[in-house]
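A short worksheet on the structure shown next.
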Amino acid sequence: MVESVSSLLFRLLLLMFSLAVIGEPLRFLLSRFSRFFKGLDILQVLVLNVYLGGLILYAIAMVPFGLFSSATMWIVLFFSVSFVIVELLIKRFRLPEKCDILRFAVVLAIFLVALWIQLIPISNLVFGSVHDTSLHSLFVQVLLENRQVPLLLQPYSAEGIVYPQGFHPIVAYAVCVSNCLIPSAVLHITALFSAMSVLGAYYLGKALSSRWGVGLSLAFVFAFVAVWPKHITWGSNAFIASIPIYFICLSFMPTLQKKKRELGVLEIVFIGILFGYLAAMHLQPYETLIASIVLWWLINIAVSKRKTLSQLKYILPIILISMIPIAPFYYRGLIWHPYPYHNIGLPADIEFTILHQDFPQALFNVVTWLWNNQSYYTVMNVLYLTLLILSTGLAIFKIRKNGLGSRITRISLATLVGQLLVALLATVFPDVPFSAQPVLLYLSFYVLIGVFTVWVYQRFSSFLSKKIAKRDRAHHGKFSVIKDSKVLLTTLLVITLINGPFIFSSIARDPQMVLGAYSLFAVTSADDLDLMLWMKDNLPHNVTILVNKQECGLFIPSVSHHKVIFPFIFSHHSRSYKLLSILLEEGNLNVTTCNLMKHFNITHIYVGSSTTAHDMYKHKWNPQPFLQNPNFDLVKKVGDAYLFAVSYKYPEVAFQDDFEYD
Numbered sequence: 110m111v112e113s114v115s116s117l118l119f120r121l122l123l124l125m126f127s128l129a130v131i132g133e134p135l136r137f138l139l140s141r142f143s144r145f146f147k148g149l150d151i152l153q154v155l156v157l158n159v160y161l162g163g164l165i166l167y168a169i170a171m172v173p174f175g176l177f178s179s180a181t182m183w184i185v186l187f188f189s190v191s192f193v194i195v196e197l198l199i200k201r202f203r204l205p206e207k208c209d210i211l212r213f214a215v216v217l218a219i220f221l222v223a224l225w226i227q228l229i230p231i232s233n234l235v236f237g238s239v240h241d242t243s244l245h246s247l248f249v250q251v252l253l254e255n256r257q258v259p260l261l262l263q264p265y266s267a268e269g270i271v272y273p274q275g276f277h278p279i280v281a282y283a284v285c286v287s288n289c290l291i292p293s294a295v296l297h298i299t300a301l302f303s304a305m306s307v308l309g310a311y312y313l314g315k316a317l318s319s320r321w322g323v324g325l326s327l328a329f330v331f332a333f334v335a336v337w338p339k340h341i342t343w344g345s346n347a348f349i350a351s352i353p354i355y356f357i358c359l360s361f362m363p364t365l366q367k368k369k370r371e372l373g374v375l376e377i378v379f380i381g382i383l384f385g386y387l388a389a390m391h392l393q394p395y396e397t398l399i400a401s402i403v404l405w406w407l408i409n410i411a412v413s414k415r416k417t418l419s420q421l422k423y424i425l426p427i428i429l430i431s432m433i434p435i436a437p438f439y440y441r442g443l444i445w446h447p448y449p450y451h452n453i454g455l456p457a458d459i460e461f462t463i464l465h466q467d468f469p470q471a472l473f474n475v476v477t478w479l480w481n482n483q484s485y486y487t488v489m490n491v492l493y494l495t496l497l498i499l500s501t502g503l504a505i506f507k508i509r510k511n512g513l514g515s516r517i518t519r520i521s522l523a524t525l526v527g528q529l530l531v532a533l534l535a536t537v538f539p540d541v542p543f544s545a546q547p548v549l550l551y552l553s554f555y556v557l558i559g560v561f562t563v564w565v566y567q568r569f570s571s572f573l574s575k576k577i578a579k580r581d582r583a584h585h586g587k588f589s590v591i592k593d594s595k596v597l598l599t600t601l602l603v604i605t606l607i608n609g610p611f612i613f614s615s616i617a618r619d620p621q622m623v624l625g626a627y628s629l630f631a632v633t634s635a636d637d638l639d640l641m642l643w644m645k646d647n648l649p650h651n652v653t654i655l656v657n658k659q660e661c662g663l664f665i666p667s668v669s670h671h672k673v674i675f676p677f678i679f680s681h682h683s684r685s686y687k688l689l690s691i692l693l694e695e696g697n698l699n700v701t702t703c704n705l706m707k708h709f710n711i712t713h714i715y716v717g718s719s720t721t722a723h724d725m726y727k728h729k730w731n732p733q734p735f736l737q738n739p740n741f742d743l744v745k746k747v748g749d750a751y752l753f754a755v756s757y758k759y760p761e762v763a764f765q766d767d768f769e770y771d
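Printed below as a string of structure tokens:
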């Protein structure tokens, strides 16, 4: 439902903190056995705990005991809150330094502004993309109905679930504790995780650089300079949610390459499980992470063979352990796929073509996508390109030195090449689920821009300090505070001016542009929602509803809990369904239409109020043929949303001949 920005902000912050509270007992336990969690600041703990909480929810959802329920969620939350209260009472916390408090306040303010910008467009929407968001809503629906992640999508489809389910227990938890609609929860939580990329970037910068400004700079860049993931409006909900934990996992890369650092067994196990949870969230960042680690190791082995070979005792077990959290989906994929991209429970007439591209063509497509999707404006494209060239050039120049951000620049370049390696594997092995994701390239570039911003700040402040010191040498001791303030303010002003166009675009332009992009696929209206809620209370549960895959009827399973033909799953590639959709787009209610409806046991037809922009809106179903045909009875109309019952009363007359209508 449409909700105010302030109300959404408050609810999402409560959700984020509750997830962090759930994750705190696990982090506390891990900190007893690992050094990785003892030096984290409060913001790093916050973002890490959110995903540790998600990991706990994922474990509850995956065990085949039917434990995932509202009662269980409240018990887990109550225990976690009690634990945190006891921890606060027993443990003595030292107040951070004033400069640390200021840094925390600035980063938190940046995050809140980023979240506010994210919420402005979605506050005007009922639901998100009718494609991806409806699919993730369906996964959450079957999780809640079965109280665990089931094998199949029954009763909504006979297909098996092979899509990793790391994201969906978090949404299911939000539904349990807030009683909101599932599609709304998917949309809003996606916006939360998109904004949390700011905190994830801060975690990465703080973990990999001793320079205090790197984490702050990365947070600033991902809030005001970065276009992605903010502008992902077509769905990709689980991918967006995986970005902050992707940054957390990247922070462990240097540890795996250290020659003198010994990792304990528990540390290896935890890092492997955390990597596996990233895979459960989404495979594309996981593939890039593993490709980057292997690539970095190969480069190191070329430099120091003997010392680098010893690193395999960490890297190999971690990669193997990382497969455990998604092992059920690997197994299902192997036993249910008689041939590529197919599944059990599919219609017999599935028709799907796998496009094969050679690597040069794939690389050209990635480069073209990168250029076309930097910004909506040519001037901004040029500015982004300039920043990317300068940042990448600085990273390459610094790569052989131990200066500013050496580890973080190495990781950024490794992930750039790692993503290209994934693209190469996708062309060599098209039948294996390797998939290049250009957005991940952007994330690496944004990290380099953040490091470049710190470099500019330090160079300019150093230059100003020397100038002022020469001019005011006699008053250096007396006016050092004034001098430092002048340097700081002048340097920050220069940094702000450099990034001024991006800040202005992010605050003034992005909400409108993002809303416009959302409207291409987020076409659910208030009328549609009212009709679906009416169906939930008034239709029997054994009906089968025919829906248009370009309309909001795809949300029916997660709102009114009825079966549709077909959800946005692989079944919609059925030739019969495609033919039936084309006939209805053309308004042809002939004998073929009747036979196809009988083939799918259709009892009702849903016609939404609007359709997506796919193929220039040509896939809209016109309600007039149904209104004027005696084989269809209007059950309910709300605004421009219609629900028809199929009666098959006069097939020899109305279906045989093409029915004429005004």
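The numbering of the sequence shown is this note's numbering, which starts it at 110 and goes up by one.
The beta carbon of each residue, even a glycine, is placed where N, CA and C say it ideally should be.
Rounded separation between residue i and residue j - CA only
{"i": "Y493", "j": "F137", "result": "41 Å"}
{"i": "Y395", "j": "A294", "result": "25 Å"}
{"i": "I151", "j": "A129", "result": "11 Å"}
{"i": "A180", "j": "V172", "result": "16 Å"}
{"i": "I229", "j": "G344", "result": "17 Å"}
{"i": "F192", "j": "I616", "result": "39 Å"}
{"i": "L655", "j": "K745", "result": "15 Å"}
{"i": "T64", "j": "I408", "result": "This structure cannot settle anything about residue 64, because the visible part of the chain is limited to 110 through 771."}
{"i": "A457", "j": "S683", "result": "8 Å"}
{"i": "Y726", "j": "C661", "result": "14 Å"}
{"i": "L533", "j": "P469", "result": "9 Å"}
{"i": "V156", "j": "P353", "result": "8 Å"}
{"i": "L479", "j": "V491", "result": "12 Å"}
{"i": "G314", "j": "I357", "result": "10 Å"}
{"i": "N657", "j": "H240", "result": "11 Å"}
Three-state secondary structure (DSSP) of residue i
{"i": "T364", "result": "helix"}
{"i": "H777", "result": "Nothing in the structure corresponds to residue 777, since the chain is present only between 110 and 771."}
{"i": "F753", "result": "strand"}
{"i": "I184", "result": "helix"}
{"i": "K745", "result": "strand"}
{"i": "S683", "result": "strand"}
{"i": "G559", "result": "helix"}
{"i": "Y715", "result": "strand"}
{"i": "V235", "result": "coil"}
{"i": "S115", "result": "helix"}
{"i": "I674", "result": "strand"}
{"i": "L655", "result": "strand"}
{"i": "S326", "result": "helix"}
{"i": "I616", "result": "helix"}
{"i": "D771", "result": "Low confidence applies here, because D771 scores a pLDDT of 43, under 50, leaving its location unreliable; read the following figure in that light. In this structure, D771 counts as coil in the three-state DSSP scheme."}
Residue i classed as buried or exposed, judged by whether at least 16 other C-beta atoms fall within 10 angstroms
{"i": "E460", "result": "exposed"}
{"i": "R519", "result": "buried"}
{"i": "H277", "result": "buried"}
{"i": "Y627", "result": "buried"}
{"i": "E206", "result": "exposed"}
{"i": "W405", "result": "buried"}
{"i": "Y770", "result": "Caution is warranted here: a pLDDT of 45 is assigned to Y770, below 50, making its placement in the model unreliable, and no coordinate value can be reported."}
{"i": "E254", "result": "exposed"}
{"i": "L118", "result": "buried"}
{"i": "E93", "result": "Any answer about residue 93 is impossible in this case: the structure gives the chain only from 110 up to 771."}
{"i": "L487", "result": "In the sequence on display, residue 487 carries Thr and not Leu. Under this definition T487 is an exposed residue."}
Contact check, residue i vs residue j, beta carbons under 7 Å
{"i": "P666", "j": "L252", "result": "no"}
{"i": "G717", "j": "A750", "result": "yes"}
{"i": "S360", "j": "P338", "result": "no"}
{"i": "I219", "j": "A332", "result": "yes"}
{"i": "A170", "j": "V258", "result": "yes"}
{"i": "W445", "j": "I435", "result": "no"}
{"i": "L557", "j": "A523", "result": "no"}
{"i": "V249", "j": "I279", "result": "no"}
{"i": "T62", "j": "F630", "result": "Past the boundaries of the shown model lies residue 62; the chain is included only from 110 to 771, so the question cannot be answered."}
Touch check for the region 602-612 and the region 562-572: three-plus C-beta pairs under 8 Å? yes
Whether or not the region 665-679 and the region 724-743 are in contact is what I'm after, with contact meaning three or more pairs of Cβ atoms, one per stretch, closer than 8 Å; do they touch? no
Inter-stretch contact (C-beta, 8 Å, three-pair minimum) for the region 708-716 and the region 298-317: no
Three or more C-beta pairs below 8 Å linking the region 279-296 and the region 207-214: no
Decide yes or no for the touch test of the region 426-437 against the region 382-396: beta carbon pairs closer than 8 Å, at least 3 of them. yes
For the 8 Å Cβ check, are there 3 or more pairs between the region 260-278 and the region 669-676? yes
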